[in-house]
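Mapping the sequence shown onto my numbering, position 163 (from 1) lands on 320, and the numbers just tick up by one.
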Amino acid sequence: MPATRYYRIEDWESIEEWKSFIDMKIELKELKAERLNLQRMVNDRTNELKQEVDKRELKELEEQRLGLQRIVDDRERELKHEAEKIELKELKAERHSLQGMIDDRTKELNHEVEKRKRIELEVAKLERLNVIGQLAAGLGHEVRNPMTTIRGFLQMLQNKTDLLTYKSYFDLMIEELDRTNSIISDFLSLAKNKQTELKRQSLNNLLANLFPLLLADAYTQGKNCIFEPGDQADVDIDTNEITQLVLNFARNGLESMSKDGCLTIKTFMEGQNRVVSFKDEGMGINPEHISKLGTPFFTTKESGTGLGLSMCYSIADRHRAQIEVETGSDGTTFLVRFPQPESVIYS
Ligand SMILES: Nc1ncnc2c1ncn2[C@@H]1O[C@H](COP(=O)(O)OP(=O)(O)O)[C@@H](O)[C@H]1O
Ligand SMILES: [Mg+2]
Numbered sequence: 158m159p160a161t162r163y164y165r166i167e168d169w170e171s172i173e174e175w176k177s178f179i180d181m182k183i184e185l186k187e188l189k190a191e192r193l194n195l196q197r198m199v200n201d202r203t204n205e206l207k208q209e210v211d212k213r214e215l216k217e218l219e220e221q222r223l224g225l226q227r228i229v230d231d232r233e234r235e236l237k238h239e240a241e242k243i244e245l246k247e248l249k250a251e252r253h254s255l256q257g258m259i260d261d262r263t264k265e266l267n268h269e270v271e272k273r274k275r276i277e278l279e280v281a282k283l284e285r286l287n288v289i290g291q292l293a294a295g296l297g298h299e300v301r302n303p304m305t306t307i308r309g310f311l312q313m314l315q316n317k318t319d320l321l322t323y324k325s326y327f328d329l330m331i332e333e334l335d336r337t338n339s340i341i342s343d344f345l346s347l348a349k350n351k352q353t354e355l356k357r358q359s360l361n362n363l364l365a366n367l368f369p370l371l372l373a374d375a376y377t378q379g380k381n382c383i384f385e386p387g388d389q390a391d392v393d394i395d396t397n398e399i400t401q402l403v404l405n406f407a408r409n410g411l412e413s414m415s416k417d418g419c420l421t422i423k424t425f426m427e428g429q430n431r432v433v434s435f436k437d438e439g440m441g442i443n444p445e446h447i448s449k450l451g452t453p454f455f456t457t458k459e460s461g462t463g464l465g466l467s468m469c470y471s472i473a474d475r476h477r478a479q480i481e482v483e484t485g486s487d488g489t490t491f492l493v494r495f496p497q498p499e500s501v502i503y504s
């Protein structure tokens, strides 16, 4: 039976039945409407809840995000701090190494400046010697000739019987003339154009031959002298000149000491250099005098000539040797460094 037919009263057995059917229908309609309503409410609520949930989730997520952001910030700060620390460390290391480079360079420059100063002093000294040498060569001979004449006449007069009472005077005059002559000899040996005859030989042998003479000299002054020869290769030297040099250094050393003082002469190698040193126990050299050492006629002794050291410097120069002096209150050491023979330029 089609549903629409039930709405007609004639299709029903009784009116009650139809009424109850209609009531049911109405009720159904109302129920449907209610259901729809409820459904809408549920939907709204669901939407609301959904929104709520979304909101809450968003909030949580936002909180989480903020939390994470905070961690990231902290970490970033830490990293930045760490990076700064590392950078600082690196900068420090760099600064350290740069400072080291600066220090090295400063040291090198200072060394260079000192070397330059030494060379300038050396050149000035050599120039002085050169002038003196030229003067000496001419003047020495001129003075010596008349002196030889005077000495000859004095010797002749000395033996005259009527002048015998004055013999001691004549002796003294001749002695003084001889002393003057030896000073002129020293002076002449400063002449730069003097020919140096270099011969390859052992410095130890030369010193061993001279040693008895030095020892006798020391003993007569109540002092001592020691010779400590070391292993040393041969040197190219002029025997006479180096004998002069040794005697001058030894004499100065002995003269600087009071009684019982000891002069020590040593030989040794220093790289390729052959070295001889003269160490005394004197009271040292006044710092103000150091720069004057080697200047002709510079002396602090009452009866000194001031020629010994200038002779030594001029001899060393002809041998391409270097002289170094170390001095203090407990004594002075003069070191003479001869170069390896091959590097010597013969003049
Ligand atoms: N070993 C030394 N100790 C102290 N002073 C020295 C030494 N050697 C040289 N001198 C100083 O150098 C000066 C010059 O020496 P030198 O040229 O030999 O001349 P002199 O010995 O005739 O004085 C000396 O007067 C002395 O002042
Ligand atoms: Mg002297």
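Don't be surprised by glycine CBs; every beta carbon is placed ideally from N, CA and C. This structure is a prediction, so every number in the text was calculated from the model and none was measured.
How far does the beta strand (DSSP E) with residue i in it reach, from first residue to last?
i: THR421; result: 419 to 427
i: LYS124; result: A query on residue 124 cannot be resolved here, the shown segment of the chain reaching from 158 to 504 and no further.
i: GLY485; result: 479 to 485
i: ARG431; result: 430 to 436
i: ILE394; result: 392 to 394
i: GLY461; result: Counting along the chain, GLY461 falls outside any beta strand (DSSP E), and DSSP gives it neither H nor E.
i: ARG494; result: 488 to 495
Between residue i and the rest of its own chain, which residues show a CB-CB distance below 7 Å, the 5 nearest in sequence each way excluded?
i: ILE431; result: Note on residue identity: the sequence assigns Arg, not Ile, to residue 431. Within the same chain, ARG431 has close Cβ partners LEU360, GLN389, ALA390, VAL392, PHE495.
i: ARG275; result: none
i: TRP175; result: ILE166, TRP169
i: GLU173; result: none
For ligand 1, is there a heavy atom less than 7 Å away from the beta-carbon of residue i?
i: THR462; result: yes
i: ASN381; result: no
i: SER413; result: yes
i: ASP343; result: no
i: HIS476; result: no
i: ASP437; result: yes
i: LEU450; result: yes
Could you pull out every residue in the same chain whose Cβ sits closer than 6 Å to the Cβ of residue i, ignoring the five residues on either side in sequence?
i: ALA281; result: none
i: TYR503; result: Legend: pLDDT at TYR503 = 49, less than 50; position of this residue unreliable, value from coordinates given subsequently. Within the same chain, TYR503 has no close Cβ partners at all.
Rounded to the nearest angstrom, what separates residue i and residue j at their Cα positions?
i: GLU332; j: ALA373; result: 22 Å
i: LEU129; j: ASP335; result: Residue 129 lies beyond the residue range present for the chain, which begins at 158 and ends at 504; the question has no answer from this structure.
i: GLY439; j: GLY379; result: 14 Å
i: ALA294; j: PRO386; result: 36 Å
i: GLU483; j: THR489; result: 6 Å
i: LEU355; j: ASN397; result: 10 Å
i: ASP487; j: ARG285; result: 31 Å
i: PHE455; j: THR337; result: 17 Å
i: ARG232; j: GLY257; result: 36 Å
i: ARG357; j: LEU321; result: 52 Å
i: SER177; j: GLU219; result: 60 Å
i: LYS436; j: THR353; result: 27 Å
i: MET426; j: ILE394; result: 16 Å
i: ASP260; j: GLU271; result: 16 Å
i: LYS249; j: LEU236; result: 19 Å
i: ASP201; j: VAL210; result: 14 Å
i: ALA240; j: VAL229; result: 16 Å
i: GLU277; j: PRO453; result: 18 Å
i: GLU205; j: SER171; result: 50 Å
i: GLY410; j: MET304; result: 32 Å
i: SER342; j: GLN429; result: 34 Å
i: GLY461; j: ILE442; result: 15 Å
Tell me whether residue i, by its Cβ, gets closer than 7 Å to a heavy atom of ligand 2.
i: ASN409; result: yes
i: GLY465; result: yes
i: ASN430; result: no
i: ASN405; result: yes
Over the uninterrupted alpha helix (DSSP H) stretch that includes residue i, give me the two end residues.
i: GLY465; result: 465 to 475
i: GLU445; result: 444 to 447
Apart from the five residues just before and just after residue i, which ones in its own chain have a Cβ nearer than 8 Å to its Cβ?
i: ASN405; result: GLY465, LEU466, MET468, CYS469
i: ALA473; result: LEU402, GLN479, ILE480, VAL493
i: PRO159; result: Interpretation of PRO159 is limited by its pLDDT of 47, a score under 50 that renders its predicted location unreliable; no figure is taken from the coordinates.
i: ILE383; result: CYS419, LEU420, THR421, ILE422
i: ILE399; result: LEU360, LEU363, ILE472, HIS476
Runs of alpha helix (DSSP H) wholly within the region 354 to 408 (minimum 4 residues, chain order)
360 to 377
Continuous alpha helix (DSSP H) assignments of at least 4 residues falling wholly in the region 252 to 322
none
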